[in-house]
């Protein structure tokens, strides 16, 4: 469970990243976070695993007060939280399976990491993760030879290999074409329903967010302006979130 | 360069719709003049005289001829040992130097280390070690470690260390930090993050640089003997002193063949790496 | 989704890299221990003393020597060294350019290229000191010899990098120039030369850097520059002088390197 209590973040130059955010997300929810670029979506998402620090308020994730986590405890905490990036962040020169295996690195000794000595169990687990996202046959191919959609699925497999309780996805499909984007979103949905993993997605593609997430959080200028079921989101709410800046094609009645 | 623009005002060009574009005066004449002056100055200081070259140029080939017509092939037996020594020195010096370079390169990379002081100190250290000409450090090493191959190995080690170190940290700085970020997000500490996300990216370039350095070091090692630091250089020095140019020719041929082998091998591996 | 058996199958398909890695590791270990015969790890107390004296010499350099601007002072000799390196690089470049063109596979037929590459490699293998000695016969001792030696030594690296630049040429621009109606000369002037120019300049400046360091060494064979006073000072155990020379040398090289890096960055960025 993720709980934000009056969380604020102020950057060093005085800019307010988040302002008085209060939220509660239960295990197994699929939450889409929407809003303009720079509204605070990334900040919100990345404060959950302390990639960004918060300035004030309480943030509790699965029983841990995130603000107080440091060093070894922070790393242990992060083991249970997966993160998917817009740029995939794979090590492109190595094979797909090696990328997925890096999920085990924080638990391994320095020398094992240096020489890349993974156990058979770890390798089988990695292969199973690849199977879950449907690219088992690509296991020994170099990552940069895959298409964008496939690479993002490798990233997803890497996250699954961690056995996370929560997955944070920061604009995971922004770099993909519409068809591939839907495939990846389907993967997220499947993972959420079958494995009961909480999923928080930052997304600026409103139709996708509404189609896949159960719950929508709208952020504008660091503040939550909407928090409710996705089926209740209508044009007026969208206007509020995007301050009227959302182009008409992106609206509810756009093409999907 | 702004001063230059003040003296030679940029040309104003007016377009038909009234817009004005400023074209800066060409730097070329300035650079050309500086270059010519520099050449003249250097010629004077070094005593460059084309006339002498033309007159006595033939002498250059006299020795060359003496070396190879024909080279003293019976000498080959005696060359093997120093040759092997030279290869050993280069290998060891390059190997250890390359390894030592790694921690220093990491400390000198601005995307891994935030502390400005550490960055500047380490980079300065690498620069200074690099500016020491290999022969000079070999010379100094002979005073400290005595004559012989140890001194040569140390000299090569120092050079390799600084050269590889600089190339490596420059490589590290151009690396994609994305995967590293991902590793931090799943709870890896910086060392492991480096190993799994950054090292795979720089490894091919690193190995390529090490091999390239090793290649060059083999050639260089042969000279180190001149200051008494072991290897072929000693034999070379001796033979030249005795004016036994045919033996010198032999040494050069053997050296040439060795270098060709090592370079082809190294070239082959380096193309496979990329 | 595939069953457990297919996963096992995939697992077995893993390319068996570890044979190769083990072989490489063994090779390295063997080579390392074999090479170790060249090393002895004892430093005599004498040796350590010398190290100490050199270090103190660097920190207490002989300032009269350092700031002596006459022809025997460090400053003049450094200037001489710079000039040797500078002209040596220029002459070397002039010699390298035709050689490189003759050794590039996209300009001349392969057999000719191979011949010239071998020639270049032979030129490169001959240690600078040999050239030094050969040129002493031509021009006597002194900086002129140093200059000539440097030129020949530069040919090796300059040609190698020039050849790379030539072979990297993007000839597509020749196509567009052709379409515009340019003559061959114009195509070379506007299509090929601009590409080569910055690469060549960058290489030449880089080589100048290195020549500077090698030039200091030529003094050891009596070819001018700062090498001779250095070796003289060392053999007479005048550590303060050694310190002065080293300090001057290092500062010079650092300065020039800073300068040349700036220029090379400008060349690369345009």
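Residue numbers (the working numbering), protein chains in the order written: chain A, 1 to 256; chain B, 1 to 274; chain C, 1 to 270.
Backbone N, C-alpha and C fix where the C-beta goes; we use that ideal spot for every residue, glycine too.
Here the structure is a predicted model, which means the values were calculated and not measured.
* What first and last residue would you give for the alpha helix (DSSP H) that runs through residue 228 of chain A? -> Counting from one through the first chain, the residue named residue 228 of chain A turns up at place 228. No alpha helix (DSSP H) holds residue 228 of chain A; the beta strand (DSSP E) holding it covers 223-229.
* To do: Please list the partners that residue 143 of chain C has in chain B, where partner means a Cβ-to-Cβ separation under 8 Å.
  => Within the third chain, numbered from 1, the residue matching residue 143 of chain C stands at position 143. In chain order: 45, 46 and 47.
* Is any beta-carbon of chain B found at less than 8 Å from that of residue 40 of chain C? -> By one-based count along the third chain, residue 40 of chain C stands at place 40. Cβ-Cβ to chain B under 8 Å: yes for residue 40 of chain C.
* **Test item: CB-CB of residue 231 of chain C and residue 139 of chain B under 8 Å** => Here the question's residue 231 of chain C lines up with position 231 in the third chain. Here the question's residue 139 of chain B lines up with position 139 in the second chain. In contact: residue 231 of chain C and residue 139 of chain B (Cβ atoms closer than 8 Å).
* chain A contact residues for residue 13 of chain C, given Cβ-Cβ distances below 9 Å -> As a working mapping, residue 13 of chain C is identified with position 13 in the third chain. Neighbours of residue 13 of chain C across chain A, judged by C-beta separation under 9 Å: 139 and 140.
* Exposure of residue 4 of chain A, with buried meaning 16 or more beta-carbon neighbours within 10 Å -> As a working mapping, residue 4 of chain A is identified with position 4 in the first chain. So residue 4 of chain A counts as buried.
* Asked: Taking Cβ positions only, does residue 131 of chain A come closer than 8 Å to chain C?
  -> Counted from its first residue, the first chain places residue 131 of chain A at position 131. With 8 Å as the cut-off, residue 131 of chain A counts as an interface residue toward chain C.
* What residues from chain B crowd round residue 172 of chain A, counting only those whose CB sits closer than 8 Å? -> Start at 1 with the first residue of the first chain, and residue 172 of chain A comes out as number 172. What residue 172 of chain A touches in chain B: nothing, since even the nearest Cβ is about 13 Å away.
* Asked: Less than 8 Å separating the beta-carbons of residue 186 of chain B and residue 106 of chain A?
  -> Taking the first residue of the second chain as 1, we reach residue 186 of chain B at position 186. Taking the first residue of the first chain as 1, we reach residue 106 of chain A at position 106. Between residue 186 of chain B and residue 106 of chain A, the gap from beta carbon to beta carbon is short of 8 Å.
* Residues in the region 202-223 of chain A with C-beta within 7 Å of chain C's C-beta atoms, listed in sequence order? -> Those residues of the region 202-223 of chain A that come within reach of chain C (Cβ to Cβ, closer than 7 Å) do not exist; the list is empty.
* **Presumed contact (8 Å Cβ cut-off) between residue 44 of chain A and residue 10 of chain A, rounded CB distance** => Taking the first chain and counting its residues from 1, the one referred to as residue 44 of chain A is at position 44. Taking the first chain and counting its residues from 1, the one referred to as residue 10 of chain A is at position 10. Under the criterion of beta carbons closer than 8 Å, residue 44 of chain A and residue 10 of chain A do not qualify as touching, at roughly 14 Å.
* **Beta-bridge partners of residue 84 of chain A, as assigned by DSSP** => Mapped onto the first chain, residue 84 of chain A falls at position 84. DSSP, once it has assigned bridges, lists A:169 as partnering residue 84 of chain A.
* Alpha carbon to alpha carbon, how far is residue 1 of chain C from residue 193 of chain B? -> On the third chain, residue 1 of chain C is found 1 positions in, with the first residue counted as 1. On the second chain, residue 193 of chain B is found 193 positions in, with the first residue counted as 1. Reliability fails at residue 1 of chain C, whose pLDDT of 49 lies under 50, so the model's placement of it is uncertain and no value is given.
* To do: Check whether the region 21-39 of chain A touches the region 83-93 of chain A, counting contact only when three or more Cβ pairs, one atom from each stretch, lie closer than 8 Å.
  => The region 21-39 of chain A is not in contact with the region 83-93 of chain A.
* Endpoints, the beta strand (DSSP E) within which residue 259 of chain A is located -> With chain A running from 1 to 256 in the structure shown, residue 259 of chain A is simply not present.
* Counterpart residues of residue 13 of chain B in DSSP-defined beta bridges -> In the second chain, counting from the first residue as 1, residue 13 of chain B sits at position 13. Paired residues: B:21.
* To do: Could you work out which residue in A:184, A:155 and A:163 is closest to residue 91 of chain A when comparing CA atoms only?
  => Translated into positions along the first chain, residue 91 of chain A becomes position 91. Residue A:155 is the option with its Cα nearest to residue 91 of chain A.
* Asked: Would you say the region 59-74 of chain A touches the region 179-192 of chain A, given that touching needs at least three Cβ pairs under 8 Å?
  -> No, the region 59-74 of chain A is not in contact with the region 179-192 of chain A.
* To do: Consult DSSP for residue 188 of chain C and reduce its assignment to one of helix, strand or coil.
  => For this step, residue 188 of chain C is matched to residue 188 along the third chain. Correct three-state label for residue 188 of chain C: helix.
* Return helix, strand or coil for residue 141 of chain A, following the three-state DSSP convention. => Working through the first chain from its first residue, we reach residue 141 of chain A at position 141. In the three-state reduction of the DSSP assignment, residue 141 of chain A falls in the coil class, being assigned neither a helical nor a strand state.
* Euclidean distance between Cα positions of residue 141 of chain A and residue 96 of chain A -> Here residue 141 of chain A is taken as the residue at index 141 of the first chain, counted from 1. Here residue 96 of chain A is taken as the residue at index 96 of the first chain, counted from 1. Just so you know, the alpha carbons of residue 141 of chain A and residue 96 of chain A end up roughly 6 Å apart.
* Looking at the structure shown, is residue 10 of chain A part of a helix, part of a strand, or coil, going by DSSP? -> Here residue 10 of chain A corresponds to residue number 10 of the first chain, with the count starting at 1. Judged by DSSP in its simplified three-state form, residue 10 of chain A adopts strand.
* Kindly list, in the order they appear in chain B, the residues whose Cβ is closer than 7 Å to that of residue 62 of chain A. => The residue labelled residue 62 of chain A in the question sits at position 62 within the first chain. Near residue 62 of chain A there are no residues of chain B at all, since even the closest Cβ is about 14 Å away, more than 7 Å.
* In angstroms, rounded to a whole number, what distance separates the CA positions of residue 242 of chain B and residue 21 of chain C? -> Numbered from its first residue, the second chain carries residue 242 of chain B at position 242. Numbered from its first residue, the third chain carries residue 21 of chain C at position 21. Using only the alpha carbons, I get a separation of about 48 Å.
* To do: With DSSP collapsed to three states, give me the class of residue 203 of chain B.
  => As a first step, residue 203 of chain B is located in the second chain; it is residue number 203 there, counting from the start. Reduced to three states, the DSSP call for residue 203 of chain B is helix.
* To do: Give the interface partners of residue 10 of chain C over in chain A, defined as CB-CB distance under 7 Å, in chain order.
  => What you label residue 10 of chain C is simply residue 10 of the third chain in a count that begins at 1. For the C-beta of residue 10 of chain C, the chain A residues within less than 7 Å are, from N- to C-terminus, 127, 136 and 139.
* Asked: For the 8 Å Cβ check, are there 3 or more pairs between the region 147-156 of chain C and the region 102-118 of chain C?
  -> Contact between the region 147-156 of chain C and the region 102-118 of chain C is absent, because fewer than three Cβ pairs lie under 8 Å.
* **Straight-line gap, residue 143 of chain C to residue 84 of chain C (C-alpha atoms, nearest Å)** => Along the third chain, one-based indexing puts residue 143 of chain C at 143. Along the third chain, one-based indexing puts residue 84 of chain C at 84. Each residue's CA atom was taken as its position, placing residue 143 of chain C and residue 84 of chain C some 7 Å apart.
* Asked: Beta-carbon of residue 204 of chain B versus every beta-carbon of chain C: anything under 8 Å?
  -> Position 204 of the second chain, counted from the first residue, corresponds to residue 204 of chain B. For residue 204 of chain B, the answer is no, since every Cβ of chain C falls outside 8 Å of its Cβ.
* Asked: Are the Cβ atoms of residue 131 of chain B and residue 82 of chain C separated by less than 8 Å?
  -> Here residue 131 of chain B is taken as the residue at index 131 of the second chain, counted from 1. Here residue 82 of chain C is taken as the residue at index 82 of the third chain, counted from 1. Not a contact, by the Cβ cut-off of 8 Å.
* **residue 255 of chain A versus residue 130 of chain A - alpha carbon distance** => Reading the first chain from its first residue, position 255 is the one you call residue 255 of chain A. Reading the first chain from its first residue, position 130 is the one you call residue 130 of chain A. Any reading at residue 255 of chain A needs caution, since the residue's pLDDT is 41, under 50, leaving its predicted position unreliable; the model's value is listed next. Between residue 255 of chain A and residue 130 of chain A, the alpha-carbon positions lie close to 32 Å from each other.
* Short CB-CB distance (under 8 Å) between residue 192 of chain B and chain A -> Here residue 192 of chain B corresponds to residue number 192 of the second chain, with the count starting at 1. At a cut-off of 8 Å between beta-carbon atoms, residue 192 of chain B makes contact with chain A.
* When the Cα of residue 208 of chain C is compared with those of C:170, C:183, C:108 and C:253, which residue comes out closest? -> Here residue 208 of chain C refers to the residue found at position 208 when the third chain is read from its first residue. Selected option, being the one with the closest Cα: C:253.
* What do you reckon, are the CB atoms on residue 155 of chain B and residue 224 of chain B nearer than 8 Å? -> Sequence index remark: in the second chain, residue 155 of chain B carries index 155 (1-based). Sequence index remark: in the second chain, residue 224 of chain B carries index 224 (1-based). For residue 155 of chain B and residue 224 of chain B, yes; Cβs fall inside 8 Å.
* Cβ neighbour criterion (16 or more within 10 Å) applied to residue 153 of chain C -> As a position in the third chain, residue 153 of chain C is number 153, starting the count at 1. Residue environment for residue 153 of chain C: buried (at least 16 other C-beta atoms within 10 angstroms of its C-beta).
* Asked: Residue range of the beta strand (DSSP E) that residue 22 of chain A falls in?
  -> Taking the first residue of the first chain as position 1, residue 22 of chain A is located at position 22. Its beta strand (DSSP E) spans residues 16-25.
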